[in-house]
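UniProt numbering applies: residue 1 is where the sequence shown begins, and numbers increase by one.
The C-beta atom is built at its ideal place from N, Cα and C for all residues, glycine as well.
Each remark here refers to the structure printed beneath this line.
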Amino acid sequence: MDKYLKRQSIRDNVRMQRRMLTKKQQYQYAKMLALRALKDKRIQRANKLAIFLSFDNEINTNLLINMLWKETKIVYLPVLHPFAPGHLLFMQYNPNTPLVINRLNIYEPQLDVTTLLLLNQLDICFIPLVAFDNYGNRLGMGGGFYDRMLYSWYTGEFTFCPIGLAYDCQYQTEAIPTEKWDIPLPEVITPSCHWHWNIALK
């Protein structure tokens with residue numbers, strides 16, 4: 001099987017496993033992940049954190065978002081860049097933030113430049129993923145949005161800490177076939193584990 005087909009097969013298999021989780025399991029795992037995340041010292045110290053609203057049966061981030069608000073953290077959500085295709089902006093998100101559905105059918109804050117976050121001000125970026133392996137390799141949906149952002153971290157342009165969020169079933173025991181643009185994650189949090197890898201930055 002060639003690399004493209006292997007990557008797509010992993011995506012299909014993991015997405016199927018996520019769909020098979022019951023509502024009760026989804027809630028239990030989301031709560032376990034949120035509690036695990038808030039035990040982390042770096043996350044406790046952080047002030048400005050970017051996160052995502054769950055899509056396509058990703059682990060539910062609403063519990064974690066609400067816990068971050070209770071800890072008086074400033075939370076941001078990704079917005080598709082209106083002028084730079086393939087890039088993201090981050091807007092502040094609170095319980096009163098109006099949301100719209102973007103062209104990918106994902107909820108995002110209504111564009112408002114007054115709440116725009118500059119990436120050099122970001123402390124933590126929680127990153128969605130389809131699958132990850134024992135080396136920190138991340139397989140996304142294929143759009144490249146977070147690959148571009150991770151590259152800016154990898155090259156030292158920005159100093160935020162990227163942390164993947166996933167179910168345990170998204171872990172792959174075999175190495176994920178990678179492309180030249182793929183950047184491994186330094187951390188992934190699942191309901192049962194907080195994974196760390198030493199990623200050598202450029």
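**Asked** When DSSP labels each residue in this structure, what does residue 5 get in the three-state scheme?
**Response** helix
**Message:** What would DSSP say about residue 65, mapped onto helix, strand or coil?
**Reply:** helix
**Asked** Any idea what DSSP makes of residue 75, helix, strand or coil?
**Response** strand
**Request:** Figure out for me which residue from 127, 97, 124, 102 has the closest Cα to the Cα of residue 115.
**Result:** 97
**Asked** Is the region 151–163 touching the region 74–86 in the sense that three or more CB pairs, one from each, lie closer than 8 Å?
**Response** no
**Inter-residue spacing [alpha-carbon to alpha-carbon] between residue 177 and residue 6** = 7 Å
**Asked** DSSP on residue 41, reduced to helix/strand/coil?
**Response** helix
**Asked** Going by beta carbon distance, what residues of the same chain come within less than 6 Å of residue 53, once the five residues before and after it are set aside?
**Response** 107
**Prompt:** Using the C-alpha atoms, what's the distance from residue 111 back to residue 105?
**Reply:** 16 Å
**Request:** Put residue 126 into one of helix, strand or coil per three-state DSSP.
**Result:** strand
**Prompt:** How many whole angstroms separate the CB atoms of residue 90 and residue 77, which I take to be in contact at a CB cut-off of 8 Å?
**Reply:** 7 Å
**Prompt:** Looking only at its own chain, which residues have a Cβ that is under 7 Å from the Cβ of residue 101, when we skip the five neighbours before and after it?
**Reply:** 107
**Prompt:** The beta strand (DSSP E) with residue 91 in it runs from where to where?
**Reply:** 88–93
**Of the listed residues 15, 60, 4, nearest to residue 24 (C-alpha basis)** = 60
**Item:** 7 Å CB neighbourhood of residue 201 in its chain, flanking five on each side removed
**Value:** 154, 156
**Option nearest residue 168 by Cα separation, candidates 193, 2, 118** = 193
**Request:** Would you mind reading off the limits of the beta strand (DSSP E) that contains residue 150?
**Result:** Where residue 150 is concerned, there is no enclosing beta strand (DSSP E), although the alpha helix (DSSP H) it sits in stretches over 145–154.
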